[in-house]
Amino acid sequence: MFVARSIAADHKDLIHDVSFDFHGRRMATCSSDQSVKVWDKSESGDWHCTASWKTHSGSVWRVTWAHPEFGQVLASCSFDRTAAVWEEIVGESNDKLRGQSHWVKRTTLVDSRTSVTDVKFAPKHMGLMLATCSADGIVRIYEAPDVMNLSQWSLQHEISCKLSCSCISWNPSSSRAHSPMIAVGSDDSSPNAMAKVQIFEYNENTRKYAKAETLMTVTDPVHDIAFAPNLGRSFHILAIATKDVRIFTLKPVRKELTSSGGPTKFEIHIVAQFDNHNSQVWRVSWNITGTVLASSGDDGCVRLWKANYMDNWKCTGILKGNGSPVNGSSQLGNSNPSLSSNIPNLQNSLNGSSAGRKHS
Amino acid sequence: MEKMSRVSTALSGSALTGRTMHCHLDAPANAISVCRDAAQVVVAGRSIFKIYAIEEEQFVEKLNLRVGRKPSLNLSCADVVWHQMDENLLATAATNGVVVTWNLGRPSRNKQDQLFTEHKRTVNKVCFHPTEAHVLLSGSQDGFMKCFDLRRKDSVSTFSGQSESVRDVQFSIRDYFTFASTFENGNVQLWDIRRPDRCERMFTAHNGPVFCCDWHPEDRGWLATGGRDKMVKVWDMTTHRAKEMHCVQTIASVARVKWRPECRHHLATCSMMVDHNIYVWDVRRPFVPAAMFEEHRDVTTGIAWRHPHDPSFLLSGSKDSTLCQHLFRDASQPVERANPEGLCYGLFGDLAFAAKESLVAAESGRKPYAGDRRHPIFFKRKLDPAEPFSGLASSALSVFETESGGGSMSWFVDTAERYALTGRPLAELCDHNAKVARELGRNQVAQTWTMLRIIYCSPGLVSSTNLNHSVGKGSSCGLPLMNSFNLKDMGPGLASETRLDRSKGDTRSDTALLDSSATLITNEDNEETEGSDVPADYLLGDVEGEEDELYPLDTEHVHSEEPEYVLPQEAFPLRHEIVDTPSGPEHLQDKADSPHVSGNEADTASLAPVDSSSSLLSVSHALYDSRLPPDFFSVLVRDMLHFYAEQGDVQMAVSVLIVLGERVRKDIDEQTQEHWYTSYIDLLQRFCLWNVSNEVVKLSTSRAVSCLNQASTTLHVNCSHCKRPMSSRGWVCDRCHRCASMCAVCHHVVKGLFVWCQGCSHGGHLQHIMKWLEGSSQCPAGCGHLCEYS
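As given, the protein sequences belong to chains A and B, one line each in that order. Numbered continuously in my numbering, the first sequence closes out at residue 360. Numbered continuously in my numbering, the second sequence closes out at residue 790.
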């Protein structure tokens with residue numbers, strides 16, 4: 001069961017993103033009020049705002065943490081067409097005594113001519129890299145060649161997506177068998193039904209990102225996209241927030257079978273599709289083992305999805321904005337009428353292995 | 001332009017109709033101004049000065065005011081203004097400092113009326129008095145503002161800005177004598193046209209130049225100013241001191257600001273660099289523009305609302321040489337596209353959720369609100385100018401925490417910390433890990449460990465050292481196993497016999513004798529086992545019948561799945577083989593006879609029954625094993641590891657990989673192993689399980705993983721005696737030839753954990769130093785340093 005802890009965020013406009021750090025002890029929020037706040041969890045489990053500062057001159061769409069190996073580093077992106085990298089300053093000061101920390105801007109990435117809609121650090125094994133995407137349909141990949149110098153970033157790749165981009169996700173797999181891969185979603189709302197999710201893969205030979213796949217079935221505006229933590233899986237799981245929640249698996253087809261050098265071919269299956277939010281889905285987020293997906297939609301609810309041993313994804317919980325479980329099975333939709341509507345003991349359902357699945 | 005729509009507005013007497021449209025100009029525009037009939041617009045620039053008629057479908061060029069063969073600098077316009085009372089009267093400000101008035105009523109081609117050459121530098125702005133037909137005001141880069149009476153040849157009065165360049169001048173709409181001027185130093189001044197000697201009021205409005213200002217058309221005291229500091233500020237000028245009412249933060253320096261007609265809180269802005277868009281803001285929501293026009297490809301230089309009482313038509317001129325008419329309902333609305341929710345899954349299974357308050361509130365409210373809530377999503381909301389302001393949008397932030405402190409990932413942490421991966425015999429490791437898993441309620445994992453033990457801990461495989469070890473602790477390793485199967489019908493006598501046997505087995509001299517007898521026992525037991533059928537069936541995974549008895553702890557799920565996958569169909573052929581092939585003893589005999597069997601192995605064989613007879617199961621297992629080498633199971637084990645990995649339980653995959661070591665390593669390709677290791681290590685580090693993570697790195701056989709531990713970490717140490725850096729390797733100082741790692745408390749050389757103060761280089765055993773520091777903060781070496789340990 002979940003306990004809701006309400007936090008007085010005190011942002012002066014909408015909060016657009018929340019992000020936990022690597023260790024789950026810190027949280028960052030960003031808002032249209034152009035500020036980012038950092039929250040630290042105290043011993044008692046309370047969240048305290050330890051920093052709040054103006055980051056941009058427009059709505060801040062996203063905030064994301066870098067791997068702590070690179071320091072306490074945040075990246076933010078904004079309507080003001082920039083993305084910025086921030087670092088926490090360690091040192092004795094009055095701020096520290098008041099329980100406040102100080103963040104300084106290390107760089108501003110100004111290449112976009114339109115609103116930067118998402119920013120994501122690459123998986124750690126790739127080094128200190130980050131990707132941004134913008135409303136003009138360009139994904140940019142930056143690298144800090146010297147991880148000790150956060151103020152120097154070079155633009156490594158520019159990938160044109162032809163569609164206004166809204167979200168990106170790195171494939172987190174650390175396997176050498178999986179080339180760096182990035183999925184891009186578009187919220188382009190023009191009526192011409194073009195596929196809104198593209199997947200780009202790094203090609204060692206050409207040293208460029210090339211389109212590996214397009215999810216043709218996703219034609220509605222996509223608001224969020226998330227690869228599940230890979231954790232040694234041979235395939236990838238991708239969650240998409242569009243007018244419904246969708247979960248795809250991407251199984252790389254063995255290299256020997258495909259022509260070498262070209263992009264990896266994937267066997268793509270849609271394994272779940274839920275319209276239980278009855279409206280636009282805004283966010284999807286995976287738990288740390290990639291076994292539970294949380295989604296939030298215009299109904300103001302968070303829904304949790306989990307696969308059973310047959311690889312059937314089902315709703316395992318609904319959380320309202322105020323944390324109480326939603327009652328009434330009508331909320332659950334018709335796809336899984338047998339499901340109980342209250343939240344099961346997550347302790348059990350999160351034990352990824354307690355529910356087995358026949359290995360194929 | 002697929003989104004163009006048509007709008008006609010009923011105004012008093014006349015109706016404005018039109019659509020979003022644009023026309024190409026010959027040259028970049030610097031400024032535009034609309035005629036009071038709202039049907040014509042004048043565009044002025046460095047090399048353009050034209051009047052266009054605004055028709056329903058298009059702009060039509062009506063008049064080119066740039067006449068004459070040789071281009072005159074007087075025609076290079078920085079600003080243009082159309083008189084709001086006289087349709088024939090225009091004024092332009094030239095970059096060479098000349099102010100020109102134009103009379104469209106003149107019959108000749110050249111409409112130029114009067115020429116004022118009083119300014120010395122560029123005139124940035126000209127402004128007609130809103131009600132007085134003949135009064136024109138100009139503001140120039142030279143720091144002066146001049147008031148002209150069009151009936152006279154030169155200026156009536158000059159206002160000095162104290163050599164600060166004037167960027168904008170605007171007559172107040174309501175106060176007859178008042179005008180505002182803005183300056184490059186960030187100041188705004190308020191003047192009375194009757195008093196040119198000094199300004200009525202002056203205040204600093206912005207950091208850096210104030211490029212523009214606009215009086216509110218209705219609110220008498222409100223002045224909006226825009227500056228290079230990217231801000232638009234709204235001032236209440238009625239109070240004694242100008243009071244900042246609102247502040248809008250835009251993304252680029254503000255070049256023009258214009259209040260939107262009929263919308264008290266709306267104003268339009270454009271920028272002079274970087275940003276080509278025109279924004280309309282509601283000053284009460286200062287962070288998100290209410291509307292955005294994105295038509296221009298270059299900087300927008302002039303904006304004007306088409307009619308002073310129509311809020312839907314906006315005209316703009318741009319450096320991209322186009323003139324545009326924007327329809328408000330065609331504007332893109334960033335608010336609508338903005339994501340109202342944030343969601344993040346935390347490490348411990350907690351969820352952070354931020355949502356627009358109205359969404360959350362609607363959710364907790366009654367059903368009827370449901371429709372309203374979704375309305376704006378499916379139908380693009382028509383922006384009604386009269387629409388009441390819904391208030392500042394705000395979000396509710398909450399963190400959903402899993403109950404019971406540790407959260408739902410505690411099983412992972414516990415498992416990681418308690419698993420034994422090395423240092424003990426395989427059987428014991430498996431048993432231990434099975435126990436850990438069972439205690440954490442993870443029965444499937446527990447069973448897997450138990451099975452691994454059965455598969456691999458066969459007499460032929462366990463080395464003698466391992467075995468001796470396990471024999472010594474026989475009860476501790478055998479009994480849990482037994483418990484796990486909950487075997488009820490095991491004879492207690494057998495167990496005691498076993499212990500007896502074991503004690504004998506320890507003495508080497510008896511080995512040979514025991515060998516045969518033990519084999520015999522084994523055989524007998526086997527027969528029994530097969531007869532009774534219970535354990536054998538269990539091993540075959542064909543336990544549906546006894547399931548409930550065997551797994552009292554299991555949850556429903558595990559029940560049905562367990563037999564399905566842990567031992568898939570492969571188990572069945574196994575059984576047939578057993579039936580078909582000759583019975584155990586011969587096989588064992590063969591083994592003993594073969595020259596490959598070392599003493600150790602013989603030992604093992606003899607001791608095996610001892611070890612396993614404490615549980616019937618192991619005995620029966622020994623039988624199978626004697627026919628089926630563990631290799632037989634390797635496919636199964638490999639599949640099992642892959643299964644766990646695909647399920648997201650990389651912990652199990654890696655733990656088994658480490659525990660089994662060489663036994664399975666060859667079956668799984670190097671890349672996959674490395675992938676599992678790196679994934680697991682990453683996960684451990686997330687949970688700050690550094691010790692476990694290091695152990696895993698150490699135990700891994702993958703080169704790419706084990707080198708993680710050898711990544712460059714350099715310790716710089718000073719000798720505790722001579723305080724000089726220790727340059728050589730090791731702990732003996734080059735200079736004073738003494739061992740530097742002496743404990744300052746007990747004066748012994750420290751092996752293992754050595755802590756030292758980086759200030760005085762003294763240190764010692766962790767425990768000693770900790771204890772010392774409880775009593776004193778000074779260095780235990782007596783150097784007087786107040787040691788600091790982090």
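Here a beta-carbon is modelled for each residue, glycine too, at the ideal position from N, C-alpha and C.
Anything in chain B within Cβ reach of residue 147 of chain A, meaning under 8 Å, just list it in chain order.
-> Counting from 1 along the first sequence, the entry for residue 147 of chain A is found at position 147. What residue 147 of chain A touches in chain B: nothing, since even the nearest Cβ is about 13 Å away.
What do you get for residue 440 of chain B, buried or exposed, if any count of 16 or more other CB atoms within 10 angstroms of its CB means buried?
-> The residue you call residue 440 of chain B lines up with position 440 of the second sequence. Residue 440 of chain B should be labelled buried.
Could you tell me whether the region 99-107 of chain A touches the region 61-68 of chain A, where touching means 3 or more Cβ pairs closer than 8 Å?
-> The answer is no - the region 61-68 of chain A does not touch the region 99-107 of chain A, with fewer than three Cβ pairs under 8 Å.
Can residue 144 of chain B and residue 158 of chain B be called in contact, C-beta distance under 8 Å?
-> In the second sequence, the residue the question calls residue 144 of chain B occupies position 144. In the second sequence, the residue the question calls residue 158 of chain B occupies position 158. With a cutoff of 8 Å on beta-carbon distance, residue 144 of chain B and residue 158 of chain B are scored as near each other.
Out of B/298, B/135, B/286, state which residue places its alpha-carbon closest to the alpha-carbon of residue 394 of chain B.
-> In the second sequence, residue 394 of chain B corresponds to position 394, counting from 1. When each option's Cα is compared against that of residue 394 of chain B, the closest is B/286.
Below 8 Å between beta carbons is the criterion; list the residues of the region 317-346 of chain B that meet it against any residue of chain A, in chain order.
-> Of all residues in the region 317-346 of chain B, only 334, 337, 338, 339, 340, 341, 342, 343, 344, 345, 346 come within less than 8 Å of chain A when Cβ atoms are compared, listed by chain position.
Are the C-beta atoms of residue 18 of chain A and some chain B residue less than 8 Å apart?
-> Counting from one through the first sequence, the residue named residue 18 of chain A turns up at place 18. Chain B, which has a Cβ nearer than 8 Å to the Cβ of residue 18 of chain A, makes this yes.
Given that residue 7 of chain A touches chain B, what residues does it touch there, using C-beta distances under 8 Å?
-> Indexing the first sequence from 1 puts residue 7 of chain A at position 7. Within chain B, the residues placing a beta-carbon under 8 Å from that of residue 7 of chain A are 397, 398, 399, ordered along the chain.
Does the pairing of the region 64-79 of chain B with the region 111-125 of chain B give three or more beta-carbon distances under 8 Å?
-> The region 64-79 of chain B vs the region 111-125 of chain B: in contact.
Spatial distance of residue 40 of chain A from residue 21 of chain A (CA atoms) = The residue labelled residue 40 of chain A in the question sits at position 40 within the first sequence. The residue labelled residue 21 of chain A in the question sits at position 21 within the first sequence. The straight-line gap from Cα to Cα measures roughly 10 Å.
Does the region 646-659 of chain B come close enough to the region 445-453 of chain B to have 3 or more Cβ pairs within less than 8 Å?
-> Result yes; three or more Cβ-Cβ pairs closer than 8 Å.
Residue 61 of chain A: contacting residues in chain B (beta-carbon distance under 9 Å) | Translated into positions along the first sequence, residue 61 of chain A becomes position 61. Those within 9 Å of residue 61 of chain A in chain B are 338, 339.
Does the distance from the C-beta atom of residue 62 of chain A to that of residue 119 of chain A stay below 8 Å?
-> In the first sequence, residue 62 of chain A corresponds to position 62, counting from 1. In the first sequence, residue 119 of chain A corresponds to position 119, counting from 1. Taking 8 Å as the Cβ cut-off, residue 62 of chain A and residue 119 of chain A qualify as a contacting pair.
Can you tell me which of the three DSSP states residue 329 of chain B falls into?
-> Locating residue 329 of chain B in the second sequence gives position 329, where the first residue counts as 1. Helix, per DSSP.
Rank A/34, A/248, A/130, A/14 by C-alpha distance to the C-alpha of residue 73 of chain A and give the top, closest one.
-> Taking the first residue of the first sequence as position 1, residue 73 of chain A is located at position 73. The residue among A/34, A/248, A/130, A/14 with its C-alpha nearest the C-alpha of residue 73 of chain A is A/130.
May I have the straight-line CA-CA distance separating residue 597 of chain B from residue 669 of chain B, to the nearest angstrom?
-> Along the second sequence, read from residue 1 onward, the residue named residue 597 of chain B stands at position 597. Along the second sequence, read from residue 1 onward, the residue named residue 669 of chain B stands at position 669. The predicted position of residue 597 of chain B is uncertain, since its pLDDT is 38 and thus under 50; no value can be drawn from it.
Could you name each continuous beta strand (DSSP E) segment of 3 residues or more that falls completely within the region 34-113 of chain B, going from the start of the chain to the end?
-> Runs found: 40-45, 48-54, 59-64, 77-82, 89-94, 99-103.
Can you give me the Cβ contacts of residue 23 of chain A inside the same chain, cut-off strictly under 8 Å, excluding the 5 residues immediately before and after it?
-> Start at 1 with the first residue of the first sequence, and residue 23 of chain A comes out as number 23. Answer for residue 23 of chain A: 68, listed in chain order.
Cβ atoms of residue 252 of chain A and residue 274 of chain A: under 8 Å apart, would you say?
-> In the first sequence, counting from the first residue as 1, residue 274 of chain A sits at position 274. In the first sequence, counting from the first residue as 1, residue 252 of chain A sits at position 252. At a Cβ-Cβ threshold of 8 Å, residue 274 of chain A and residue 252 of chain A do not count as neighbours.
What residues match up with residue 236 of chain B in a beta bridge as DSSP calls it?
-> Within the second sequence, numbered from 1, the residue matching residue 236 of chain B stands at position 236. In the DSSP output, where bridge partners are listed per residue, residue 236 of chain B has B/222, B/243.
Tell me, please, whether the CB atom of residue 253 of chain B is closer than 8 Å to any CB atom in chain A?
-> Taking the first residue of the second sequence as position 1, residue 253 of chain B is located at position 253. Taking a beta-carbon distance threshold of 8 Å, residue 253 of chain B does not count as an interface residue toward chain A.
For residue 348 of chain B, which option in B/696, B/413, B/359, B/698 has the closest C-alpha, if you only look at C-alpha atoms?
-> Position 348 of the second sequence, counted from the first residue, corresponds to residue 348 of chain B. Among B/696, B/413, B/359, B/698, the Cα nearest to that of residue 348 of chain B is on B/413.
Nearest-angstrom Cα separation, counted from residue 212 of chain B out to residue 97 of chain B = Taking the first residue of the second sequence as position 1, residue 97 of chain B is located at position 97. Taking the first residue of the second sequence as position 1, residue 212 of chain B is located at position 212. Annotation: residue 97 of chain B to residue 212 of chain B spans about 19 Å, alpha carbon to alpha carbon.
Per DSSP, what kind of secondary structure is residue 680 of chain B in: helix, strand or coil?
-> As a working note, residue 680 of chain B is residue 680 in the second sequence. In this structure, residue 680 of chain B counts as helix in the three-state DSSP scheme.
Can you give me the Cβ contacts of residue 493 of chain B inside the same chain, cut-off strictly under 8 Å, excluding the 5 residues immediately before and after it?
-> Here residue 493 of chain B is taken as the residue at index 493 of the second sequence, counted from 1. Confidence at residue 493 of chain B is low in this model, with a pLDDT of 40, below 50, so the placement of that residue should be treated as unreliable; the coordinate-derived value is given next. Excluding sequence neighbours, residue 493 of chain B sits near nothing in its chain.
DSSP bridge partner residues for residue 128 of chain B (one or two, in chain order) = The sequence position of residue 128 of chain B within the second sequence is 128, counting from 1. In the DSSP assignment, the residues bridged to residue 128 of chain B are B/136.
Can you find a C-beta in chain B that's less than 8 Å from the C-beta of residue 341 of chain A?
-> In the first sequence, the residue the question calls residue 341 of chain A occupies position 341. Residue placement at residue 341 of chain A is flagged as unreliable, the pLDDT there being 36, under the threshold of 50; a coordinate-derived value is accordingly withheld.
Rounded to whole angstroms, what's the CA-CA distance from residue 26 of chain B to residue 298 of chain B? Just pull it up for me.
-> Position 26 of the second sequence holds residue 26 of chain B. Position 298 of the second sequence holds residue 298 of chain B. Taking the straight line from one Cα to the other gives about 15 Å.
Name the residues in the region 284-300 of chain A whose C-beta lies less than 9 Å from a C-beta of chain B; which are they?
-> Listed by position along the chain: 284, 285, 286, 287, 288, 289, 290, 291, 292, 293, 294, 295, 296, 297, 298, 299, 300.
When you compare only the Cα positions, how much space is there between residue 3 of chain B and residue 330 of chain B?
-> Taking the second sequence and counting its residues from 1, the one referred to as residue 3 of chain B is at position 3. Taking the second sequence and counting its residues from 1, the one referred to as residue 330 of chain B is at position 330. For residue 3 of chain B, the predicted structure reports a pLDDT of 44, less than 50, and the residue's modelled location is therefore unreliable. The matter cannot be settled from this model.
Contacts that residue 288 of chain B makes with chain A (C-beta to C-beta distance below 7 Å) = Indexing the second sequence from 1 puts residue 288 of chain B at position 288. The contacting residues are 13, 32, 59.
Is it right to say residue 741 of chain B is buried, meaning 16 or more other beta carbons lie within 10 angstroms of its own, or is it exposed?
-> One-based indexing of the second sequence puts residue 741 of chain B at position 741. Buried, because 16 or more other Cβ atoms sit within 10 Å of the Cβ of residue 741 of chain B.
Return no unless some Cβ of chain B is closer than 8 Å to the Cβ of residue 183 of chain A.
-> On the first sequence, position 183 is the one that residue 183 of chain A refers to. By this cut-off, residue 183 of chain A is not an interface position.
For a contact meaning CB atoms closer than 9 Å, what does residue 132 of chain A contact in chain B?
-> Here the question's residue 132 of chain A lines up with position 132 in the first sequence. Under the 9 Å cutoff, chain B gives no residues; its nearest Cβ is about 16 Å from residue 132 of chain A.
Quick one: give me the first and last residue of the alpha helix (DSSP H) that residue 405 of chain A is part of.
-> Absent from the model: residue 405 of chain A. The displayed extent of chain A is 1 to 360, so no value can be given.
Proximity test, Cβ basis, 8 Å: residue 27 of chain A and chain B | Along the first sequence, read from residue 1 onward, the residue named residue 27 of chain A stands at position 27. Using beta-carbon distances, residue 27 of chain A counts as an interface residue toward chain B, with a partner under 8 Å.
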